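Per numbering that gives the first Met the number 0, the sequence shown starts with residue 0, numbered consecutively.
C-beta: ideal position from N, C-alpha, C; glycine also.
Please read these numbers as outputs of a predicted model, since none were measured by experiment.
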Amino acid sequence: MRFPDALTSRLPGARSDKPVVPLVRLHGVITPTAGPVPRAVINAQTVEKTLDRAFGHDRLAAVALLINSPGGSPTQSALVADAIRRHADDKGVPVLAFCEDVAASGGYWLACAADEIHAHPTSLVGSIGVVSQGFGLDGLIERYGVRRRLYTAGESKARLDPFLPEKPEDVVWLRDLQDQLHTMFRDWVTSRRGDRLAADADLFTGEVWTGARAVELGLADGLGTARSVLAERYPDAELVTVDARKPLLARLGLGGPAAGGTPFGADGLLGMVQAAEIRSAWARYGL
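Okay, here's the thing in C-alpha cells:
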C-alpha cells in the first residue's frame, strides 16, 4: 500500500474494500502461569482476546498464525488449539500456520490447529512426545542434616516428591500418564494431518526435524514465510498484525520483572525462576 493510501485508509469515514488476513503471533512457552515479561508465554487466557479480534475482522479472507514456541503444557496447548478451531469453524475461513524458529511439542500442537502448515527450511518442527522433569533432593537434605516432615491423607498424595527417594511404582505411574498424553497428542496430529503424513515413517518418537524435512514427512505442507506465501495466495489482501495487548502497567512503563514485583522480593524471585524455566525450554532447541 502506498503511503498516501495508507494514510487515507485511517481517516474518519474511510473504508477499504480489500480482504483482510490477520497475522496472529503465538510466541513463547505454553504455560498456565503468567510470564516474567509481557507476551513471554502462551495460554488460553492470553490469546483469547487476540483471537476474538483476529477473527472478528470484516472482510476476513483467512487467518495466519505465526508460531514460535518450544512447547509446554499439554492442556493449554489443547485449549488454545480448540479455540482456534472454534473461531475458524464459526467464521468458515481457512487458517494457515507459519513455523518460525521452532514449532515443537506443544508448538506443533498449535500448528496442527491450522488447515495448512508452512515452515522455513531451517525451522525446527515436530517433537511429538511428552517429557517430565524434576530433581531428586533427598540426598542433599540428608547431607546437610535437614529433616523434612510430610503428612498426607492418601497413599499416592506425595508421589514423586523431590525430597523423598524415588519409588519404582511412582515411575511406572508417571510413564503410564505420559503414554496417555502421548496417545492424545498422536491422535490430534493424525486427525488434523490425515493422509498427508508419511506412511513409512515413525513420526511420534519425540524427534524434531528441520522445516525442509518436515515437508517431506507430511508434518508441513510447504516452505515459505508468511509474507511470501500470503502475498501469492491473497495478493489483494491487507495483512493486519493482531498482537496481544500489554497489561496497563506495562503500557505505562511500570511494574517489575514479575508482574510488578521488585527484583529482590518474593515476586521478583518467582519471576527469575520463571525466566530460567523459559530459557531452559528454548535452550533444548539451541535457541
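- Taken through DSSP and simplified to helix, strand or coil, SER190 comes out as helix.
- By the criterion of at least three beta-carbon pairs nearer than 8 Å, the stretch 61-79 is in contact with the stretch 20-28.
- Taking 9 Å as the cut-off, the Cβ atoms of PRO73 and VAL28 do not count as close.
- For the pair of segments examined, the stretch 95-109 was found to touch the stretch 223-241: the number of CB pairs separated by less than 8 Å reaches three.
- Under the three-state reduction of DSSP output, SER126 falls in the coil class, being neither helix nor strand.
- When DSSP states are grouped into helix, strand and coil, THR209 belongs to the strand group.
- Pairing GLN177 with SER131 gives a Cβ-Cβ distance under 9 Å.
- In summary, ARG146 is exposed, with fewer than 16 beta-carbon neighbours lying within 10 Å of its beta-carbon over all protein chains present.
- Cβ-Cβ separation between GLY210 and SER122: approximately 4 Å, consistent with a contact (criterion under 8 Å).
- When DSSP reads this structure, ASN42 sits in no beta bridge, so it has no partner.
- Linking GLU215 to ALA77 through their CA atoms gives a straight-line distance of about 26 Å.
- For HIS86, the enclosing alpha helix (DSSP H) has its first and last residue at 73-90.
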